[in-house]
């Protein structure tokens, strides 16, 4: 059993407080959702849902050792009730927070672009109770986004309970229908799954492009060998003359450097390099960091949650790093000898940009 995308264990993880399923509401929702998904998506999705209170997913504090693997899901559905937003609750501490951390750091990121162009979170909340402002604020601060839920709440004056399939929508103050709400959840899941699948294909295409970029080095090496063969016909005396000129030039350069820099201590930089906010370092083959020849700048490639790469420069004496515009899909940066320009690969081309 595994997700429809490689590297993930489940497609959907349903998280809830055990007390909210004492009458079987969450179990019924999961069963209705499975039926709706079978008529909404071509692929069969794997849902993780635990009905066993001693499996480490309920109100007690014995954490199941395999829970971390089970949380490797594409979509996390928290069933938000009057008691779910509790930092001491098992579902909050061992399910919601770990998922947000894992999704933020994995290859897809916690947010994805859906078909209508909007950005959707992989945390897809449903609400079965109205909750207060403090709980709403806690949820939004933890997930890093506005709480936009699909509500299963029966609304009537003085009533705050879950909506049931048998409830008459005409008697519901908001006119909400249970089946329609389940369908909304299924369609939201479909949009997120399709967005993540498109995003994964872009990442794979970028990886293939990078492999091609690396292969471009081989023809360069072949040309160097060809030039080397041309020099095989030069006589020994000619080589000795060239070597002597080069040796004198090197001696002059070293002597000049020692005279001009005598008594001036070298600059020493102590720097802790962190990626910009909401970005991660891109370490493709470990070749996406490069210090300038004068030792004053660091060029690196950063990647956002959508998998888009960009080129950044950080002066080692400053705290702030600067993004260089029009460098999407950049990789393998390297400096000019005078530290004034950076060259990099992008879209199968070798490009350069001025640091200034």
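Numbering (our numbering), first residue to last: 591 to 946.
No residue lacks a Cβ here, since even glycine has one placed at the ideal position from N, Cα and C.
Requested in this report: Less than 8 Å between the CB atoms is what I'm expecting for residue 713 and residue 690, so what's the real figure, rounded?
Outcome: Counted from its first residue, the chain shown places residue 713 at position 123. Counted from its first residue, the chain shown places residue 690 at position 100. Between residue 690 and residue 713 the Cβ distance is about 7 Å, and since that is below 8 Å, they are a contact.
**Report entry** Through-space distance from residue 677 to residue 595, alpha-carbon basis
**Finding:** Looking up residue 595 in the chain shown gives position 5. Looking up residue 677 in the chain shown gives position 87. Roughly 31 Å separates the two Cα atoms.
Report task. Classify residue 933 as helix, strand or coil using the three-state DSSP reduction. Result -> As a first step, residue 933 must be located in the chain shown, where it is residue number 343. Note: residue 933 maps to strand in three-state DSSP.
Query raised in the report: When the Cβ atoms of the stretch 748-767 are set against those of the stretch 697-712, are three or more pairs found closer than 8 Å?
Result: no
Requested in this report: Report back the beta-carbon spacing between residue 704 and residue 782 to the nearest angstrom; my notes put them in contact at under 8 Å.
Outcome: Within the chain shown, residue 704 is the residue found at index 114, counting from 1. Within the chain shown, residue 782 is the residue found at index 192, counting from 1. Yes, they are in contact, since the Cβ atoms of residue 704 and residue 782 sit about 7 Å apart, within 8 Å.
Requested in this report: Provide the residue(s) that pair with residue 605 in DSSP beta bridges, ordered along the chain.
Outcome: Locating residue 605 in the chain shown gives position 15, where the first residue counts as 1. 668, per the DSSP bridge assignment.
Query raised in the report: Assuming residue 592 and residue 636 make a contact with CB atoms under 8 Å, what is their CB distance in whole Å?
Result: Taking the first residue of the chain shown as 1, we reach residue 592 at position 2. Taking the first residue of the chain shown as 1, we reach residue 636 at position 46. Rounded, the Cβ-Cβ distance is 7 Å, consistent with contact.
Requested in this report: Report the residue from 768, 626, 634, 758 whose alpha carbon sits nearest the alpha carbon of residue 615.
Outcome: The residue you call residue 615 lines up with position 25 of the chain shown. Of 768, 626, 634, 758, the residue nearest in Cα terms is 768.
Requested in this report: Specify the secondary structure class of residue 768 as computed by DSSP and reduced to three states.
Outcome: Walking along the chain shown from the start, residue 768 turns up at place 178. Reduced to three states, the DSSP call for residue 768 is helix.
Report task. Whole angstroms is fine: what's the gap from residue 943's alpha carbon to residue 897's? Result -> Residue 943 sits at position 353 when you count from the first residue of the chain shown. Residue 897 sits at position 307 when you count from the first residue of the chain shown. Cα to Cα, residue 943 sits roughly 22 Å from residue 897.
Report task. Tell me where the beta strand (DSSP E) around residue 906 begins and ends. Result -> Along the chain shown, read from residue 1 onward, the residue named residue 906 stands at position 316. Looking at the DSSP string, residue 906 is not in any beta strand (DSSP E), and its letter there is neither H nor E.
Requested in this report: Go ahead and label residue 717 buried or exposed: buried means 16 or more other beta carbons lie within 10 angstroms of its beta carbon, across all protein chains shown.
Outcome: To locate residue 717, count along the chain shown from 1; it is residue 127. When all chains shown are included, residue 717 counts as buried.
Query raised in the report: In whole angstroms, what separates the C-alpha of residue 929 from that of residue 878?
Result: By 1-based counting over the chain shown, the position of residue 929 is 339. By 1-based counting over the chain shown, the position of residue 878 is 288. Answer to the nearest angstrom: the Cα atoms are 17 Å apart.
Query raised in the report: Using DSSP with H/G/I as helix, E/B as strand and the rest coil, what is residue 891?
Result: Walking along the chain shown from the start, residue 891 turns up at place 301. Correct three-state label for residue 891: strand.
Query raised in the report: Buried or exposed: residue 670, going by 16 or more other Cβ atoms within 10 Å of its Cβ?
Result: For the purposes of this step, residue 670 is taken as the residue at position 80 of the chain shown. Per the 10 Å Cβ criterion, buried.
Report task. Please classify residue 701: does DSSP put it in a helix, a strand, or coil? Result -> Here residue 701 corresponds to residue number 111 of the chain shown, with the count starting at 1. Residue state, collapsed to three classes: strand.
Query raised in the report: So what's residue 821 in DSSP terms, helix, strand or just coil?
Result: Mapped onto the chain shown, residue 821 falls at position 231. Its pLDDT being 48, under 50, residue 821 is placed unreliably in this model, and the value from its coordinates should be taken loosely. Helix.
**Report entry** For residue 721, the nearest candidate out of 706, 708, 658, 738 (CA to CA)
**Finding:** For the purposes of this step, residue 721 is taken as the residue at position 131 of the chain shown. Ranking the options by Cα distance to residue 721, first place goes to 738.
Query - Local Cβ density within 10 Å of residue 644, reported as buried at 16 or more and exposed below that - result: For this step, residue 644 is matched to residue 54 along the chain shown. Only weak support exists for where residue 644 lies, its pLDDT of 44 falling under 50; the coordinates are left without a value.
Query raised in the report: Between the C-alpha atoms of residue 663 and residue 921, what's the straight-line distance to the nearest angstrom?
Result: Locating residue 663 in the chain shown gives position 73, counting from the first residue. Locating residue 921 in the chain shown gives position 331, counting from the first residue. When rounded, the distance between both Cα atoms is 29 Å.
Query - Collapsed DSSP secondary structure at residue 599 in the structure displayed - result: Reading the chain shown from its first residue, position 9 is the one you call residue 599. Note: residue 599 maps to coil in three-state DSSP.
Query - CA-to-CA distance, residue 776 to residue 887, given in whole angstroms - result: Stepping through the chain shown from its first residue, residue 887 is reached at position 297. Stepping through the chain shown from its first residue, residue 776 is reached at position 186. Their Cα atoms are separated by approximately 49 Å.
Requested in this report: May I ask which residues mark the beginning and end of the beta strand (DSSP E) holding residue 688?
Outcome: Here the question's residue 688 lines up with position 98 in the chain shown. Where residue 688 is concerned, there is no enclosing beta strand (DSSP E), although the alpha helix (DSSP H) it sits in stretches over 687-695.
Query raised in the report: Would DSSP call residue 625 helix, strand or coil?
Result: As a first step, residue 625 is located in the chain shown; it is residue number 35 there, counting from the start. Reduced to three states, the DSSP call for residue 625 is helix.
Query - Boundaries of the beta strand (DSSP E) in which residue 730 is found, first to last residue - result: As a first step, residue 730 must be located in the chain shown, where it is residue number 140. Looking at the DSSP string, residue 730 is not in any beta strand (DSSP E); the run it does join, the alpha helix (DSSP H), is 723-733.
Query raised in the report: Helix or strand or just coil, what does DSSP make of residue 657?
Result: As a first step, residue 657 must be located in the chain shown, where it is residue number 67. It is helical.
Requested in this report: Please report how far the alpha carbon of residue 649 lies from the alpha carbon of residue 612, in whole angstroms.
Outcome: Taking the first residue of the chain shown as position 1, residue 649 is located at position 59. Taking the first residue of the chain shown as position 1, residue 612 is located at position 22. With a pLDDT of 43 at residue 649, under the threshold of 50, the modelled position of this residue cannot be trusted; read the value that follows with caution. In a straight line, the C-alpha of residue 649 is about 13 Å away from that of residue 612.
Query raised in the report: Alpha carbon to alpha carbon, how far is residue 939 from residue 759?
Result: Your numbering for residue 939 matches position 349 in the chain shown. Your numbering for residue 759 matches position 169 in the chain shown. Computed Cα separation, rounded: 60 Å.
**Report entry** Reference residue 923, options 911, 891, 909, 695, closest by Cα
**Finding:** Working through the chain shown from its first residue, we reach residue 923 at position 333. It is 891 whose Cα lies nearest to the Cα of residue 923.
Query raised in the report: Where does residue 943 fall in DSSP's three states?
Result: Here residue 943 corresponds to residue number 353 of the chain shown, with the count starting at 1. DSSP places residue 943 in strand when its eight states are reduced to three.
Query raised in the report: Measuring CA to CA, which of 790, 866, 665 is closest to residue 710?
Result: Sequence index remark: in the chain shown, residue 710 carries index 120 (1-based). The candidate whose alpha carbon is nearest that of residue 710 is 665.
Query - Three-state class that DSSP yields for residue 927 in the structure shown - result: Residue 927 sits at position 337 when you count from the first residue of the chain shown. Three-state DSSP puts residue 927 in coil, outside helix and strand.
Requested in this report: Using a threshold of 9 Å, state whether the C-beta atoms of residue 918 and residue 900 are closer than that.
Outcome: Position 328 of the chain shown holds residue 918. Position 310 of the chain shown holds residue 900. Yes, the pair counts as a contact, with Cβ atoms nearer than the cut-off.
Requested in this report: For chain C, find out if any of its Cβ atoms is closer than 9 Å to the Cβ of residue 751; answer yes or no.
Outcome: No chain C is part of this structure, which consists of one protein chain only.
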